[in-house]
């Protein structure tokens, strides 16, 4: 459940340890997505605390814990982050009170820089580029909104570059998932 997201140190260690036990039990599994759409209130709560952004820093800490744990067990594991295509960046919104993917990625980067971490957080950027509606073409671009769909790879890449350029987090490859 969204309110059970591993947002504190103990739950992060427990979650990453569980994922590590799965890697040990199933040696053919090499690609692991860490949580699902943490920029969405449907999957990670709280997104905001008292109006201030909370989820990106908590997710950054989860990625760091899992990267260290999982790469310690299997150096070649492919750890994927996860974002959904939309969010409104409004803490007190009536619905969809989540972070847009670009804002979320940049704020994870802000946390990463402030943490002083010298190792990566993830290996591959996983993104769920849902269309705005069923009739939308996969190539549709969303230049006037915060949405990042299939046709907006440039927006996603720009957010990743802005968030992590000059850090130990290399610019990752991008996998589109759940589209």
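In this note's numbering, the protein residues as written are 114 to 292.
Where a beta carbon is used, it is the ideal one built from N, C-alpha and C, also for glycine.
As the structure is a computational prediction, the values presented were derived from the model and not from experiment.
For residue j and residue i, the rounded distance between their alpha carbons
| i | j | result |
| --- | --- | --- |
| residue 85 | residue 288 | Because the chain here runs from 114 to 292, residue 85 falls outside it and cannot be looked at. |
| residue 173 | residue 249 | 32 Å |
| residue 276 | residue 160 | 19 Å |
| residue 282 | residue 208 | 33 Å |
| residue 115 | residue 205 | 17 Å |
| residue 199 | residue 186 | 34 Å |
| residue 126 | residue 255 | 37 Å |
| residue 193 | residue 252 | 24 Å |
| residue 139 | residue 181 | 19 Å |
Start-to-end residues for the beta strand (DSSP E) that takes in residue i
| i | result |
| --- | --- |
| residue 131 | Not the beta strand (DSSP E): residue 131 falls in the alpha helix (DSSP H), residues 122-138. |
N- and C-terminal bounds of the alpha helix (DSSP H) containing residue i
| i | result |
| --- | --- |
| residue 69 | Since the displayed the chain opens at 114 and closes at 292, residue 69 lies outside it and no answer follows. |
Beta-carbon proximity check, residue i vs residue j, cutoff 8 Å
| i | j | result |
| --- | --- | --- |
| residue 272 | residue 218 | yes |
| residue 239 | residue 146 | yes |
| residue 168 | residue 188 | no |
| residue 284 | residue 274 | yes |
| residue 202 | residue 216 | yes |
| residue 136 | residue 190 | yes |
| residue 153 | residue 197 | yes |
| residue 178 | residue 225 | no |
| residue 242 | residue 262 | yes |
| residue 118 | residue 157 | yes |
| residue 133 | residue 183 | yes |
Residue i: CB within 7 Å of a non-hydrogen atom of the ligand ADP
| i | result |
| --- | --- |
| residue 279 | Only the bare structure without any ligand can be found here, which leaves the ligand ADP out of the picture. |
* Asked: Counting Cβ pairs closer than 8 Å, one from the segment 224-236 and one from the segment 245-264, do we hit at least three?
  -> At 8 Å Cβ cutoff, the stretches do not touch.
* Asked: Hey, which unbroken runs of the beta strand (DSSP E) at 3 residues or more fall wholly within the segment 249-285?
  -> As far as the segment 249-285 is concerned, it has no whole beta strand (DSSP E) run of at least 3 residues.
* To do: Any chance you could list the alpha helix (DSSP H) runs of at least 4 consecutive residues sitting entirely within the segment 167-249, in chain order?
  => 168-186 and 214-228, all fully within the segment 167-249.
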